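**Q** Counting with the numbering used here, you get residues 411 to 635 for the letters of the sequence shown.
Even glycine gets a Cβ: it sits at the ideal position worked out from N, Cα and C.
Quick caveat, the model's predicted, so the values are computed rather than measured.
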Amino acid sequence: MGYVSELLQTFVEGLVVQESTEKDQDLLARATASNLKTSEAIGCTIEPILIHDTDKIKITVVIGDSDPISYYSGGENWYDFTTALVKEAGFHDNEPIMIEVVIDKAQGSAAISIYDIDLFASTIEKLSVAQGLSVFDRVLADRDHRCFQVLGLSTKFATSALSFLPLGVPCILDGRATGRSASIAQNRCANSKRKGSVVCYQRISRLLKVGARTLISSPPSEPLS
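1. Any Cβ of chain C within less than 9 Å of the Cβ of L543?
2. What residue from Q559, L425, F491, L563 has the CA that sits closest to C581's CA?
3. May I have the straight-line CA-CA distance separating S593 from S519, to the nearest angstrom?
4. Output the distance between the C-alpha atoms of A568 and L543, rounded to the nearest integer angstrom.
5. Using DSSP with H/G/I as helix, E/B as strand and the rest coil, what is S591?
6. Looking only at its chain, what residues have a beta carbon closer than 8 Å to the beta carbon of D436, apart from the 5 residues adjacent to it on each side?
7. Mind checking who F546 pairs with in its DSSP beta bridge?
8. Work out the CA separation of S564 and I717 for me, nearest whole Å.
9. Restricting to Cα atoms, I'd like to know which of E510, L425, D434 is closest to I467.
10. Does the separation of the CB atoms of E432 and I524 fall below 9 Å?
11. Among S570, G562, E535, P478, whose alpha-carbon lies nearest the alpha-carbon of Y413?
12. Since T493 is in the alpha helix (DSSP H), which residue starts that stretch and which ends it?
13. Quick one: what does DSSP say D465 is sitting in, helix, strand or coil?
14. Find out if the Cβ-Cβ distance for the pair S573, R556 is shorter than 9 Å.
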């Protein structure tokens, strides 16, 4: 289950993610749901956890033909958002719920957030060669190496120009470390058919071959200490 589904299923039922993409600059998702959860369940939810404090998330919910109800991590209070959802739901019965999630990622930092490694990989995979090259040209525009800090990753994998790091592993460039510690409960790059970061590496390596400077020579032989 990806980041967006996990987040939205804390307060809705019957969730269907209609479309979603994740690139270096943002994550975008649109979904529908059949119902809100009970007011008690919604009241127990917590605001979304972001990888970097400078990342910003906006969640917009429309129930039936009502006005949008929005949460923005740069301003709105999560309690006010969930309270407004519960109140609005009281005026609607079995009406469709439309949801949009947008995460704007911090730009200019040595480390870029990835919230769903599978979604990131599939998004890049669908791009043309020219579009894929433009993403990595942008990522490496002002430096020779860039780190991605990946939610749910358990083991580092890297190219000569890109490092994909679990949360809590610092991105060290020119002797400077950047990053933030976090507890990871699972590796979202693994499921019943794909196990561990080596398979993540194999998938990403195929995608990164659009640029010669991002070729991967070999996967890590042992976990990062």
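**A** With the given structure in hand:
1. Going by chain labels, chain C is absent from the structure shown, which holds only one protein chain.
2. Q559
3. With a pLDDT of 27 at S593, under the threshold of 50, the modelled position of this residue cannot be trusted, and the question is left open.
4. 18 Å
5. Annotation note: pLDDT 31 at S591 (below 50); position unreliable, no value reported.
6. V512, I513, D514, K515
7. Partner(s): none; F546 has no beta bridge.
8. This structure gives no information on residue 717, because the portion of the chain shown stretches from 411 to 635.
9. E510
10. yes
11. G562
12. 488–499
13. coil
14. yes
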